[in-house]
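**Q**
In UniProt numbering, the protein residues as written are 1 to 666.
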């Protein structure tokens, strides 16, 4: 992982970035006196309440309270985290982002590979509008699949013509380029002629696969007829692991004004057709089932994930795999819901038939995780008596036990199970149930369900077929679309990765890459309660006026608490200001460094989207007060000695002390 971005670079970047240019490139601004106004991009409104002050370089919305500087605007508008927003602004300013004491990440190590993949994407897009046989491809997209030229442009769709070496001749003109194309899975080495190659994708519609920052990292190719395989994906490479990526995530972030939930579907065309009908927040897995890495990745962006499945037995099977993937990475304040489509329908066909509004109604009525969990636990029971009820409880507890113990959500499910089974919550919580054991995948392998679990036995062989999209959409005029240039971000970082393997040898082998990375990386260490509360203030500054800090806490010497107090005092004194104002007015380098470090943390996005920020801060204050009282009582009673605790007030203080200690142990 690359090192931390130095604070002085962030200061210089803000000094060289004009907020007006940043905002004007994304929304329409109107000059109003010394300021600019606009319809706020962060909430729906009919009259402008968004104001931008070019002199002070900050913006504020009087409707929803959004505000800040250029960094916060790009984060919120482009749905990026802090580091990615810095890199976007730095690229626009022609600056290279430095890193402190960190090795280059895998993208920096493979900058040349990313360039070749970007050039490949541009080549395929050009063929769709310029190749002599382009009509075959455009007719398929417009007449057979009902796609417009505009939606094809948004997703960068392309055409790989017939022939063995079209891409090789265009992009692989040098030996070094051929090596990178081979490494990226774009070429295949001839078995009988080592060192000679041919194109992997031939006579197919091409779907570029982008990472969450828009870099092309792989491709999918769809055959025109019923040739096998109907869908052909890039192999895994140094920049692409299919079990970690989601098709359409970049486009969803770019094209959804208020991204508060994401729909996970099963295929490329589902994503594209939903987007064409105005449902732009859909993504698809890349030929794999939904896994825990996918859920964790989406939880960093949104608070609600809807898993959408075809209305057949295979779809139900996929839903249960999605359920089991979600359980170990569930978080309070997050939701996973399940949408089951009618028999014989998929998102592609259903949205064409019913339209956007009806599909959105289905999303609103999607089943909760608890409903699917208990329904599945009940469906595995064959007896209708006490033994059946006991089996139902065991089935449900096997799944509930996978949820992290500290979550309130787990307690809620235990209470619901108690109501349904008639077994009290304490007994359920203390009973040791045989939990499902998930195989920990080795590097390069897909996560698999243990063969001997009830789930695997019940749904064996029901893997959904992602290759059948045989519906006849209405004809739509296509025309020659003008394609956007999706070049990968340039990087001046030299390739410092592992030593190159001899050219002509297979440079990448499934199961040999990422030997030092587990398939499911552990969650990053949590921030302290004080730092979490500080993030709540930074993202929800309006709550400061509703919070009162007791003097004993304000006077504490703890550095974390002092920074929290400074931020609290600022927002309490200036209730209409926000983090952008704070950063612009803060001269204390220690406080500024602490703020940047918090905004750099991967948990920042979660705090930005929570709805109970004020309660979280109040809980932190309450815990500190109790701890302060506990320490004071201990010191006071120690100084008196046991023999002196004879008067009524001392005894009561001792009882109160014991109560506090018991509460801390809970």
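Virtual Cβ for every residue (Gly too), placed ideally from N, Cα, C. Quick caveat, the model's predicted, so the values are computed rather than measured.
#1: Quick one: what's got a C-beta closer than 7 angstroms to residue 268's C-beta in the same chain, skipping five residues either side?
#2: Under a three-way DSSP split, which group does residue 618 fall into?
#3: Buried or exposed, going by whether 16 or more other CB atoms sit within 10 Å of the CB of residue 188?
#4: By alpha-carbon positions, which one of 271, 331, 328, 280 ends up nearest to residue 309?
#5: Whole angstroms are fine: how far does the CA of residue 154 sit from the CA of residue 254?
#6: If you scan the stretch 552-588 from start to end, which runs of the alpha helix (DSSP H) of 4 or more residues do you find wholly inside it?
#7: Does residue 592 come out as helix, strand or coil in the three-state DSSP assignment?
#8: Can you tell me whether residue 312 is helix, strand or coil according to DSSP?
#9: By alpha-carbon positions, which one of 86, 305, 243, 590 ends up nearest to residue 13?
#10: Provide the residue span of the beta strand (DSSP E) that contains residue 233, from first to last.
#11: Would residue 334 pass as a contact of residue 299 if the rule is Cβ separation under 8 angstroms?
#12: I need the straight-line Cα distance from residue 417 to residue 337, nearest angstrom please.
#13: Can you tell me whether residue 302 is buried or exposed, with buried defined as 16 or more other CB within 10 angstroms of its CB?
#14: Measuring CB to CB, does residue 180 end up less than 8 angstroms from residue 197?
#15: What are the partner residues of residue 199, as DSSP defines its beta bridges?
#16: With distance defined between alpha-carbon atoms, name the residue in 116, 140, 616 nearest to residue 546.
#17: Can you give the Cα-Cα distance for residue 579 and residue 75, rounded to whole angstroms?
#18: Please report the distance separating the alpha-carbon of residue 394 from that of residue 349.
#19: Please determine, among 216, 37, 191, 162, the residue with the shortest C-alpha to C-alpha distance to residue 111.
#20: So residue 372 packs on residue 413, CB below 8 angstroms; how close in whole Å?
#21: Have a look at 22, 90, 83 and flag the residue whose alpha-carbon is nearest the alpha-carbon of residue 58.
#22: In terms of DSSP beta bridges, what is residue 225 paired with?
#23: Of the choices 95, 67, 368, 613, whose alpha-carbon is the least far from that of residue 534?
#24: Here's the rule I'm using: 16 or more other beta-carbon atoms within 10 Å means buried, otherwise exposed. How should residue 258 be labelled?
#25: Which value, in whole angstroms, describes the spacing of the CA atoms of residue 5 and residue 531?
#26: First and last residue of the beta strand (DSSP E) that includes residue 299?
#27: Let's see if you can read the secondary structure: which residues bound the alpha helix (DSSP H) around residue 272?
#28: Any idea if residue 408 is buried or exposed, counting beta-carbon neighbours within 10 angstroms, 16 or more meaning buried?
#29: Does the count of Cβ pairs from the stretch 109-124 and the stretch 26-34 closer than 8 angstroms reach three?
#30: Output the distance between the C-alpha atoms of residue 575 and residue 528, rounded to the nearest integer angstrom.
#31: Which full runs of the beta strand (DSSP E) of 3+ residues lie inside the stretch 21-65, going along the chain?
#32: Just to confirm before moving on: does the CB-CB distance between residue 157 and residue 209 stay below 8 angstroms?
#33: Looking at residue 42 and residue 604, is the spacing between their C-beta atoms short of 8 angstroms?
#34: Counting along the chain, where does the alpha helix (DSSP H) carrying residue 149 start and finish?
#35: Does the distance from the CB of residue 224 to the CB of residue 140 come in under 8 angstroms?
#36: Can you look up residue 342 in the DSSP assignment and give me helix, strand or coil?
**A** Once the coordinates are examined:
#1: 207, 220, 247, 284
#2: helix
#3: exposed
#4: 271
#5: 10 angstroms
#6: 559-573, 579-585
#7: helix
#8: coil
#9: 86
#10: 231-233
#11: yes
#12: 19 angstroms
#13: buried
#14: no
#15: 187
#16: 616
#17: 13 angstroms
#18: 39 angstroms
#19: 216
#20: Not a contact, Cβ separation roughly 12 angstroms.
#21: 22
#22: DSSP lists no partner for residue 225.
#23: 613
#24: exposed
#25: 19 angstroms
#26: Segment 292-299 is the alpha helix (DSSP H) holding residue 299; no beta strand (DSSP E) there.
#27: 268-276
#28: exposed
#29: no
#30: 26 angstroms
#31: 30-32, 35-38, 50-53, 58-61
#32: no
#33: no
#34: 149-154
#35: yes
#36: coil
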